[in-house]
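In the working numbering, the protein residues as written are -16 to 90.
Each residue gets a CB set at the ideal place from its N, CA and C atoms; glycine is no exception.
Structure record follows, encoded as structure tokens.
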């Protein structure tokens, strides 16, 4: 007869999820870039790149989708990106605990 699984992590995980509202998947990155003009400052030595440009990158239906955001948009939605990261961290922790509990219960 298999062992009983350990008690679920329940309240601690529930408490950490309680304050979250929206969560935007993907990554918000600040990028500096070169342009196509041959005599531009971005081609100098050392180069002075253009930017920062804010890009939100995520995967939709197996394809990478990138959208440019304004600094104001990035400020407004930063908490949503943070929430998504926290959810991924919590899910990873819950999965790892579940695997350990399974191994402990089933050997």
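- For residue 35 and residue 87, the gap between their C-alpha atoms comes out near 49 Å.
- Taken through DSSP and simplified to helix, strand or coil, residue 47 comes out as strand.
- The Cβ atoms of residue 57 and residue 11 lie closer than 8 Å to each other.
- Excluding the 5 residues flanking it on each side, residue 15 has same chain C-beta neighbours closer than 8 Å at 32, 33, 34, 35, 36, in chain order.
- Its Cα nearest to that of residue 47, the residue 9 stands out among 79, 9, 5, 73.
- The C-beta separation of residue 64 from residue 0 comes to about 17 Å, leaving the pair out of contact by the 8 Å criterion.
- Under the three-state reduction of DSSP output, residue -3 falls in the helix class.
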